[in-house]
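Keeping their order, the protein sequence lines are chains A and B.
Following the numbering used here, the numbering of the first sequence begins with 1 at its first residue and continues without gaps.
Following the numbering used here, the numbering of the second sequence begins with 121 at its first residue and continues without gaps.
All C-beta atoms in this analysis are idealised placements derived from N, C-alpha and C, irrespective of residue type, glycine included.
One structure is given here, and the rest of the page talks about it.
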Amino acid sequence: MKTILIVEDDKKISLALGHRLRSMGFNVVTAEDAIYAMNETVRSSPDAILLDINLPGGDGFVVAERLKASNQFANIPIIFTTASKKPIFRERAKQCGGVGFLEKPFGVLQLTNAIDACFH
Amino acid sequence: MGGYASGIFKASRYSLLTRNGKPANQLQMNTSDGKNDLVNILMIEDDVIYRALCKRYLAKDPNYTYNVVSTTSAAGALRMCNLHKFDCLIIDYNLPDSTGTQLISALRATLGEDMPPAIVLTAEGGIDAATEAVRTDASDFLSKNKVSARSLCRSVNNAVEKGFLKTAVSESSKKLTVAYEQLQQNSVEIENFYHTISHEVKTPLTAIQEFLSLINDEVAGPITEQQKELLGYSLESCTQISTHFNDLLDMARVESGKLKLNKVWDSPNRLLERSVRGVEGVAASRGITLKTLPCESTTELYIDVNRIVQVISNLLNNAIKHSEDNGSIEIELGITQGNQFEFNITDFGCGIEKSDQSKIFDRLYQVDSQRDCAFSGGLGLGLSIARDIMHLHDGQLLVDSEIGKGSTFKILLPVQLH
């Protein structure tokens with residue numbers, strides 16, 4: 001069973017996405033901020049990360065850059081999520097090697113497509 | 121301090137204002153003797169007799185009262201102009217340490233835009249000097265031995281008035297620049313504010329939408345058909361909230377001039393396909409047929425694909441909203457005689473009143489829903505943004521409509537060479 005790490009500071013979104021991903025057959029682990037995101041990555045070695053950009057303790061890009069800089073976790077596919085519409089976020093997500101970019105609120109189909117892109 | 125009329129600055133109520141103070145000149149400010157307000161003149165002339173003569177001439181001017189200060193050299197003139205603001209300079213071409221035109225150039229280099237108008241006095245037959253004076257942008261030049269009270273006063277009047285006007289224009293221009301910068305700043309602040317609000321609303325909205333979807337998709341257990349239908353309405357409303365906020369953000373980006381196009385070459389038929397795909401579901405749910413008449417031409421358009429799809433989708437959504445159930449919508453593509461590419465989107469709904477047709481593109485315009493079924497509801501931003509996007513493409517968005525028969529929205533885009 002593949003594991004997906006949800007990095008999301010809004011507990012309700014995290015809970016809803018957790019339900020959704022489990023219903024799709026994934027094992028789900030969660031983190032609420034940038035620091036926990038790193039700890040949880042080390043602890044559970046996820047197969048993909050759903051990474052919110054606006055996070056306490058350093059934004060999602062910082063997390064992505066740290067992961068990309070490490071040998072062990074550089075290849076974990078990352079899907080960025082954000083409720084912001086700032087075009088710069090989309091550009092930076094690309095630069096940080098994001099496999100997907102989901103603008104909140106997103107639908108099931110968008111989520112499914114993004115996750116498929118991580119594993120194919 | 122040869123020629124310097126010491127004490128003059130404190131003696132009069134018309135004291136010279138310093139360069140850091142308010143400008144000395146004020147248009148149309150009449151003093152008690154019926155003349156305009158005091159005009160400050162700096163005369164650069166080493167001949168004491170000629171200086172006295174000019175002063176006497178200027179005293180006869182019926183229009184202005186002059187406060188004439190003098191100096192004998194270019195060096196003195198530079199020093200004084202740096203300390204005080206003069207309304208006009210009268211400069212002798214032949215100065216002991218320079219020429220009149222060299223002095224003008226030096227003053228212009230130091231004072232820039234604050235350079236007062238200058239009149240150059242040339243010696244007899246000084247055609248070369250006169251030509252040179254005009255070339256250095258002197259306001260006027262006068263032949264020294266032909267100067268009369270009338271000619272000097274007229275020349276000074278003209279120069280002073282031109283200077284006053286120049287100052288007034290420059291001040292207005294500065295105020296406009298400041299106001300424009302302030303407006304730009306406000307637009308940026310408004311845009312940032314909208315971004316914050318949008319983010320703060322969309323975060324809980326994401327949770328609402330996802331929980332509703334989970335129930336709708338029966339992840340939390342089976343639900344009835346009726347429950348599914350009701351949840352469907354809630355989900356539609358969630359999408360509506362997002363659309364409204366996206367429209368607000370787009371409007372703010374247009375306002376602050378930050379809406380930039382990312383243009384690429386693409387085929388009109390592909391644009392149509394993409395736009396139609398996005399609304400097929402909604403149209404089908406109401407039994408509305410989308411009849412597309414693609415273009416046979418292989419012309420490609422140089423456009424921001426996402427933005428043009430946004431415009432077409434907006435028009436298609438409007439057309440669906442205003443069509444009867446089981447009705448139809450026609451989408452026709454083609455090239456006009458004026459070599460423009462056109463997309464025509466026609467619905468057969470209730471149509472738009474003639475008086476409203478020009479207003480529907482206005483920002484925040486809401487049509488009276490009693491009078492017109494077509495454009496009620498919403499923020500009134502969609503069509504305004506669509507038109508802005510078309511203008512950014514050097515294109516147009518037009519409407520033709522008749523009450524009871526329907527509406528055609530026409531997008532025109534320039535056909536460019538690949």
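To the nearest angstrom, how far is the alpha carbon of residue i from that of residue j?
i: Pro534(B); j: Asn459(B); result: 7 Å
i: Glu330(B); j: Asp520(B); result: 41 Å
i: Arg20(A); j: Cys118(A); result: 17 Å
i: Leu50(A); j: Asp116(A); result: 13 Å
i: Ile78(A); j: Phe106(A); result: 16 Å
i: Met1(A); j: Glu420(B); result: 47 Å
i: Val384(B); j: Gln536(B); result: 12 Å
i: Ile13(A); j: Ile335(B); result: 15 Å
i: Lys266(B); j: Thr230(B); result: 32 Å
i: Asp234(B); j: Ser225(B); result: 13 Å
i: Glu252(B); j: Thr221(B); result: 7 Å
i: Leu198(B); j: Thr256(B); result: 16 Å
i: Phe61(A); j: Glu522(B); result: 53 Å
i: Tyr170(B); j: Asn306(B); result: 58 Å
i: Glu349(B); j: Arg66(A); result: 45 Å
i: Glu40(A); j: Gly100(A); result: 21 Å
i: Cys470(B); j: Gly447(B); result: 12 Å
i: Leu351(B); j: Tyr300(B); result: 48 Å
i: Tyr186(B); j: Leu158(B); result: 6 Å
i: Ala172(B); j: Leu303(B); result: 53 Å
i: Gln347(B); j: Leu325(B); result: 20 Å
i: Thr219(B); j: Lys282(B); result: 24 Å
Please state whether the Cβ-Cβ distance between residue i and residue j is less than 9 Å.
i: Leu209(B); j: Leu162(B); result: yes
i: Leu369(B); j: Asp424(B); result: no
i: Asn550(B); j: Lys205(B); result: Outside the shown range of chain B, which is 121 to 538, sits residue 550(B), and nothing can be said about it.
i: Leu178(B); j: Val188(B); result: yes
i: Ala195(B); j: Asp212(B); result: no
i: Ile480(B); j: Ile472(B); result: yes
i: Gly502(B); j: Asn437(B); result: yes
i: Leu517(B); j: Arg507(B); result: yes
i: Lys104(A); j: Thr323(B); result: yes
i: Lys85(A); j: His315(B); result: yes
i: Gln430(B); j: Ile317(B); result: no
i: Leu391(B); j: Val399(B); result: no
i: Asp337(B); j: Val108(A); result: yes
i: Ile505(B); j: Gly515(B); result: no
i: Ala327(B); j: Asp10(A); result: yes
i: Lys180(B); j: Cys273(B); result: yes
i: Ile440(B); j: Val396(B); result: no
i: Asp166(B); j: Leu215(B); result: yes
i: Leu243(B); j: Lys264(B); result: Looking at the sequence itself, residue 243(B) is Ala, so the reference to Leu does not match. Taking 9 Å as the Cβ cut-off, Ala243(B) and Lys264(B) qualify as a contacting pair.
i: His538(B); j: Tyr422(B); result: yes
Could you round the C-beta distance between residue i and residue j to whole angstroms and report it? I think they count as a contact, below 8 Å.
i: Ser376(B); j: Val308(B); result: 5 Å
i: Ser443(B); j: Phe468(B); result: 7 Å
i: Thr82(A); j: Ile53(A); result: 4 Å
i: Ala258(B); j: Val240(B); result: 5 Å
i: Gly97(A); j: Ala64(A); result: 7 Å
i: Glu452(B); j: Leu484(B); result: About 30 Å; that fails the 8 Å criterion.
Count the other C-beta atoms from every protein chain shown that fall within 10 angstroms of the C-beta of residue i, then say buried if there are 16 or more, exposed otherwise.
i: Val298(B); result: exposed
i: Pro56(A); result: exposed
i: Ser405(B); result: exposed
i: Asn434(B); result: buried
i: Ile408(B); result: buried
i: Leu192(B); result: Leu is not the amino acid found at residue 192(B); the sequence shown has Thr there. Thr192(B) comes out buried.
i: Ser362(B); result: buried
i: Gly154(B); result: Any reading at Gly154(B) must be qualified, since the residue scores a pLDDT of 49, below 50, and its modelled position is unreliable; the value itself is stated next. Label assigned to Gly154(B): exposed.
i: Lys474(B); result: exposed
i: Lys130(B); result: The pLDDT assigned to Lys130(B) is 34, lower than 50, so where the model puts this residue is not dependable, and the model offers no usable value.
i: Arg373(B); result: buried
i: His513(B); result: buried
i: Pro182(B); result: exposed
i: Tyr353(B); result: exposed
i: Ala238(B); result: buried
i: Leu296(B); result: exposed
i: Glu356(B); result: exposed
i: Lys294(B); result: exposed
i: Ala114(A); result: buried
i: Leu102(A); result: buried
i: Ser70(A); result: exposed
Any heavy atom of the ligand SAH closer than 8 Å to the CB of residue i?
i: Asn437(B); result: For the ligand SAH, the structure offers nothing, since it holds no ligand at all.
Say whether chain D places a C-beta atom closer than 9 Å to the C-beta of residue i.
i: His319(B); result: No chain D appears in this structure, whose protein chains are A and B.
(Q) Assess contact between the stretch 278-294 of chain B and the stretch 8-25 of chain A, defined as three or more Cβ pairs (one per stretch) separated by less than 8 Å. Is contact present? (A) no
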